[in-house]
Structure formats: structure tokens, C-alpha cells
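Visitor: Just passing along the structure, written as C-alpha cells.
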């Protein structure tokens, strides 16, 4: 079993819908949680960065962490075709680049 | 501020050859990490360099090596290429090697 599980999709939703992307994990030591967006033929771009449990909002994006359930989510409100990309969750027990474990990514498509 | 740059963007090699990839981090960032991204294994950590020293290493064979120069630019080298080395190689930089990584566009390596 992988330390971080993420549904690969693809997930297709109409423009304007609320998108929910999720990851589960098994290592209770994870404390830092990240979401990256990766467009085709590009490198990942950091979208959200949270520490421990709780919610964090940035514009149309909201990240939620539930450490008791070992479950994290990314919500995208008012989704746009430009949001079509692969979304990777990532997590780490420390603030250290070498310890980051990435999910396999969910491919998201927003239909105009 | 200019982002992370990687050269070349695409590379085709044959089995047994060696390859050198280059990465220029964001100005002021002292940590450079390298990752391999494949459809089957996702994003996997190769190694991290900080102030010209390899600080951390992932679970890859010794054919994968790297170095960092005094201006923080980094190179990674893969010797005796195998078909399974075909992947997107990503470089990421951060000020001190923490979780907030900024990725370059990657080098797409194809081994024939």
C-alpha cells in the first residue's frame, strides 16, 4: 500500500462547478500538506501549503486537512477551463524537501 | 524574479549512453532538488543539494549523480542509460530546502 493514495481520474466537470479533489494517507507523522497543479508539459506549481489540521482559503481554492481521518481535500469554486490540469497532493513529516511524498495526481478537465 | 530554468527541455538518447541535465534555481535559493516523474511511479525524489553539498539522497542507483556549483546552479548525470530511465526530470529550488518547492519545466528524457 502506498503512503499517499490519490484517485487518478480523469475527472470531468462543467464550467462553474465546485470541484473536490482528495488524498488519503497512512503515515500519521505527516504534518505539512501541499497541493500542486501541473499543466501538460510543465513542472508542478505550488497552489496551497498548510501545516497540521484545518482549512486554508486562497481565492477560489480551499485546502482542508483532517489528520484524524488522514484525509486531505482541495476544493475549487467556480471552476474554469483554465483549471484543467493534473493536481498532485504532497505531504511531509518535516519541513524538508527530501521527505516530501507526492500523490500520483488527479487529471481534471473542466468542460466549457 | 525569473523562475527555475532547466536545459535541455527534450533529449533522446540510446541505451548505454550517459546524459547531463542542467538546472538554474531562482536567484537567492540555495537548495536544489531533483525528481523523476513517470506515469507508473509518479514523482520520486532523487537528491538534494545545498551550498554545493549533497544533503539528501533518494532510493536510486549510483548511476544517478549530481553536483551543485557555487552559484547554486546544479547538474544531474545519468550514466549507462536504461530504457526505464525514460522520464520527466524535474528540478526544484527553495531558499533553505524546505517544503515550499518551486519547480522548473522539466527535461523530458527518452531512452531508445
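Residue numbers (my numbering), protein chains in the order written: chain A, 40 to 151; chain B, 202 to 313.
Beta carbons are placed, not taken as given, at the ideal position from N, Cα and C, and that holds for glycine.
No experiment lies behind these values; they were computed from the predicted model shown.
First and last residue of the beta strand (DSSP E) that includes residue 86 of chain A?
Guide: Here the question's residue 86 of chain A lines up with position 47 in the first chain. That run of the beta strand (DSSP E) goes 84-90.
Visitor: Would residue 287 of chain B pass as an interface residue toward chain A - the criterion being a Cβ-Cβ separation below 9 Å?
Guide: Within the second chain, residue 287 of chain B is the residue found at index 86, counting from 1. No, its Cβ sits nowhere closer than 9 Å to a Cβ of chain A.
Visitor: Residue 299 of chain B by DSSP, collapsed to three states: which one?
Guide: Start at 1 with the first residue of the second chain, and residue 299 of chain B comes out as number 98. Reduced to three states, the DSSP call for residue 299 of chain B is coil.
Visitor: Nearest to residue 117 of chain A by CA position, among A/83, A/150, A/67, A/143, is which residue?
Guide: Reading the first chain from its first residue, position 78 is the one you call residue 117 of chain A. Measuring from the Cα of residue 117 of chain A, the nearest candidate turns out to be A/150.
Visitor: Check the Cβ of residue 209 of chain B against every Cβ in chain A and list those closer than 7 Å, keeping chain order.
Guide: The residue given as residue 209 of chain B occupies position 8 in the second chain. What residue 209 of chain B touches in chain A: nothing, since even the nearest Cβ is about 14 Å away.
Visitor: For residue 9 of chain A, does the three-state DSSP call read helix, strand or coil?
Guide: In the structure displayed, chain A extends from 40 to 151; residue 9 of chain A sits before or after that span and is not available.
Visitor: With DSSP run on the structure shown, which of helix, strand or coil describes residue 262 of chain B?
Guide: The residue given as residue 262 of chain B occupies position 61 in the second chain. In this structure, residue 262 of chain B counts as coil in the three-state DSSP scheme.
Visitor: Is the CB of residue 139 of chain A under 9 Å away from at least one CB in chain B?
Guide: Against the first chain, residue 139 of chain A aligns to sequence position 100. Residue 139 of chain A counts as touching chain B.
Visitor: If you draw a straight line from the C-alpha of residue 311 of chain B to the C-alpha of residue 107 of chain A, how long is it?
Guide: The residue you call residue 311 of chain B lines up with position 110 of the second chain. The residue you call residue 107 of chain A lines up with position 68 of the first chain. Approximately 42 Å, taken between the alpha carbons.
Visitor: When burial is assigned at 16 or more other CB atoms within 10 Å of the CB, is residue 69 of chain A buried or exposed?
Guide: On the first chain, position 30 is the one that residue 69 of chain A refers to. Buried, since its Cβ has 16 or more Cβ neighbours within 10 Å.
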